[in-house]
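Notes follow the structure.
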Amino acid sequence: MEVPILKQGEFLIATIQAALSDADLEQLRMALVQRVVRYRSRAVIVDVTAMDVMDSFASRTLREIALMIRLRGAETVIVGIQPEVAFAMVQLGLTLEGVGTALDLEEGLAYLNQKFKTVN
Amino acid sequence: MARRDNPPRGTTFKEPNTAELPRNEAPPELLRELVAHLRQNRTHLREEWLRRISETRLLTAMTKEEIFAEATSVYDSYVEVLETGTFEALTSYARNLSERIIPRGVETHEVIGIVLLLRDVLARSLFAKYQADSEKLNRILDAYEPAANRIANTVAVGFVQERERVIRQQQEAIRELSTPVLQVRERLLILPIIGVIDPQRARQLTEQLLRGIRTNRAKVVVIDITGVAAMDVTVANHLVQTVEASRLLGATVIVTGLSPEIAQTLVTIGVDLGKMNTVGDLQGGIEQAERLLGYKVVPSSEPR
């Protein structure tokens, strides 16, 4: 299932709506990395609220997305990680180091708005 | 039922399930005689029982007077059960007794021990009385034994149940006490931890905190461990995991109140606390949290 990517002002928002196969995740990675420059976006929000399981591949891919997007000149925020998922991830050592996180989409947008307001 | 006509001793009565024993299966006049005998010799038998209790060093947690008072009530309700065949009064007395003596540190083996002693003392007195007439002795014992065993059973079960109830209650209280997640400001939670953290509690703590972050939409959490005396590798690692999991939910964690001992332990065992944001005391932690949230606490110009 392809993940829809919406353009919202200066940000891109990708909302994962169901469990993803590895191929879907690869596809998401390519799509985001291409579009972030095409749309001249300043940041990408990946909403994982619907994911109730996060395996090591998904976690690693999210981290890679974030690092690649940084190299393409933008920032990434992962939002909506469920408490149970968060704890399971940490126990597996998947801590998404160096990636921004926020409680939900609203918080993620607030975080980015705040950040870019103070930078400018 | 065949039991009506006095079944041979030692077969029917050995059933482990005493709850089903029919009442009054012994001829009533035998029971009356038995009860009358126990009433008549009350003082003497009670003395004998008390002597045996102190001889076997049971109930050392209680004074002589207390033992005497309890022994009197136990004796009387014992005889009453033999007479009436109803156990309600004894059951509630046993529960009541357990409630009183459990906090004193009386052990299960002591309670069961004294009831069995009383059973033996009374049985001995029956032997002594009916020595000459072994046929009658048998019939008296037929009447006495099942009731006596069931009394012992009732008291023991009552005691153990009361004990379990107390343990359950305490566990519940500890569980409820142990992990309050408190909101002190919009988006600021405090998690004060007091006492020993074992892996189970640490887990529960993390779960509650993560849930609290979600429901209160917290951005900053202050974990205060002033009240934690010691910390081992497992718990320290768990703390680090909690901090990381909170970050995945978008919340910053500040740990406060690390004692010098804990700090030394953590450094010695080499737990990586680099990712943890630590402040000396709870006040400092809250102040830093307020700064992170953009609050500014200013004293009102005229202190009252």
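Here the protein sequences come in this chain order: A and B.
Our numbering numbers the first residue of the first sequence as 1 and each following residue consecutively.
Our numbering numbers the first residue of the second sequence as 1001 and each following residue consecutively.
From the three backbone atoms N, C-alpha and C, an ideal C-beta is built for every residue, glycine too.
Rounded straight-line distance, which links the Cα of residue j to that of residue i
{"i": "B:Val1157", "j": "B:Leu1293", "result": "58 angstroms"}
{"i": "B:Ala1263", "j": "B:Leu1058", "result": "48 angstroms"}
{"i": "B:Asn1024", "j": "B:Ser1073", "result": "Only weak support is given to the placement of B:Asn1024: the predicted model assigns it a pLDDT of 47, under 50, and the value that follows is read from those uncertain coordinates. Their Cα atoms are separated by approximately 23 angstroms."}
{"i": "A:Glu106", "j": "A:Thr95", "result": "22 angstroms"}
{"i": "B:Arg1003", "j": "B:Ala1061", "result": "Residue confidence for B:Arg1003 is low, a pLDDT of 43 falling below 50, so the modelled location carries little weight and cannot support an answer."}
{"i": "B:Arg1187", "j": "B:Val1106", "result": "50 angstroms"}
{"i": "B:Phe1013", "j": "B:Lys1064", "result": "At B:Phe1013 the pLDDT is 40, less than 50, meaning the model places this residue with poor confidence; the figure from the coordinates comes in the next sentence. One C-alpha to the other measures close to 36 angstroms."}
{"i": "A:Ala14", "j": "B:Val1196", "result": "44 angstroms"}
{"i": "A:Val37", "j": "A:Ala58", "result": "23 angstroms"}
{"i": "A:Thr49", "j": "B:Arg1100", "result": "54 angstroms"}
{"i": "A:Leu67", "j": "B:Thr1242", "result": "24 angstroms"}
{"i": "B:Leu1021", "j": "B:Pro1146", "result": "Confidence at B:Leu1021 is low in this model, with a pLDDT of 46, below 50, so its placement is unreliable and the value that follows should be read with caution. Approximately 8 angstroms between the Cα atoms of the pair."}
{"i": "B:Leu1050", "j": "B:Asn1237", "result": "57 angstroms"}
{"i": "B:Val1121", "j": "B:Phe1127", "result": "10 angstroms"}
Residues that residue i bridges to, as DSSP identifies them
{"i": "B:Phe1068", "result": "According to DSSP, B:Phe1068 bridges with nothing at all."}
{"i": "B:Thr1252", "result": "B:Val1220"}
{"i": "A:Asp24", "result": "Paired residue(s): none; A:Asp24 is not in a bridge."}
{"i": "A:Lys7", "result": "A:Leu12"}
{"i": "A:Thr101", "result": "A:Ile78"}
Boundaries (first-last residue) of the alpha helix (DSSP H) holding residue i
{"i": "B:Arg1095", "result": "Glu1088 to Ile1101"}
{"i": "B:Lys1129", "result": "Thr1108 to Tyr1130"}
{"i": "A:Pro83", "result": "Pro83 to Gln91"}
{"i": "B:Ala1289", "result": "Leu1282 to Leu1293"}
{"i": "A:Ile69", "result": "Ser56 to Leu71"}
{"i": "A:Gln17", "result": "No alpha helix (DSSP H) contains A:Gln17, which DSSP labels as neither H nor E."}
{"i": "B:Val1267", "result": "Pro1260 to Ile1269"}
Interface partners of residue i on chain A, CB under 8 angstroms
{"i": "B:Gly1270", "result": "Residues of chain A passing the Cβ test: none, with the nearest at roughly 17 angstroms."}
{"i": "B:Thr1206", "result": "Phe87"}
{"i": "B:Gln1241", "result": "Phe87, Val90 and Gln91"}
{"i": "B:Ala1071", "result": "Within 8 angstroms Cβ-Cβ: nothing; B:Ala1071 doesn't reach chain A, min ~56 angstroms."}
Residue i: contacting residues in chain A (beta-carbon distance under 9 angstroms)
{"i": "B:Glu1088", "result": "Result: empty, since nearest Cβ-Cβ is about 49 angstroms, beyond 9 angstroms."}
Residue i - containing beta strand (DSSP E), residue span
{"i": "B:Asn1277", "result": "Asn1277 to Val1279"}
{"i": "B:Arg1104", "result": "Per DSSP, B:Arg1104 belongs to no beta strand (DSSP E) and is neither H nor E."}
{"i": "A:Val77", "result": "Glu75 to Val79"}
{"i": "B:Arg1185", "result": "Leu1182 to Arg1185"}
{"i": "A:Ile45", "result": "Ala43 to Asp47"}
{"i": "B:Pro1299", "result": "Neither: B:Pro1299 is in no beta strand (DSSP E) and is coded neither H nor E."}
{"i": "B:Leu1191", "result": "Leu1188 to Ile1194"}
Chain B residues whose Cβ lies nearer than 8 angstroms to that of residue i
{"i": "A:Leu105", "result": "Within chain B, no residue comes near A:Leu105; the closest Cβ sits about 11 angstroms away, beyond 8 angstroms."}
{"i": "A:Leu20", "result": "Those do not exist, as A:Leu20 stays about 18 angstroms from chain B at its closest Cβ, beyond 8 angstroms."}
Residue from the options with nearest C-alpha to residue i
{"i": "A:Val3", "options": "A:Phe11, A:Gly9 and A:Met30", "result": "A:Met30"}
{"i": "B:Thr1056", "options": "B:Val1228, B:Gln1241, B:Ile1194 and B:His1109", "result": "B:His1109"}
{"i": "B:Thr1256", "options": "B:Glu1244, B:Ala1132, B:Lys1275 and B:Gly1280", "result": "B:Gly1280"}
{"i": "B:Glu1047", "options": "B:Leu1031, B:Glu1070 and B:Arg1032", "result": "B:Glu1070"}
{"i": "A:Arg72", "options": "A:Phe116, A:Tyr39 and A:Val33", "result": "A:Val33"}
{"i": "B:Leu1097", "options": "B:Ala1289, B:Glu1088, B:Val1111 and B:Gly1085", "result": "B:Val1111"}
{"i": "A:Arg125", "options": "A:Gln8, A:Glu26, A:Asp55 and A:Asn113", "result": "Nothing about residue 125 of chain A can be read from this structure; chain A reaches only from 1 to 120."}
7 angstroms Cβ cut-off: residues of chain B touching residue i
{"i": "A:Ala102", "result": "Gly1250"}
{"i": "A:Ile81", "result": "Leu1248 and Leu1249"}
Under 7 angstroms by beta carbon: chain A residues contacting residue i
{"i": "B:Ala1245", "result": "Ala86, Phe87 and Val90"}
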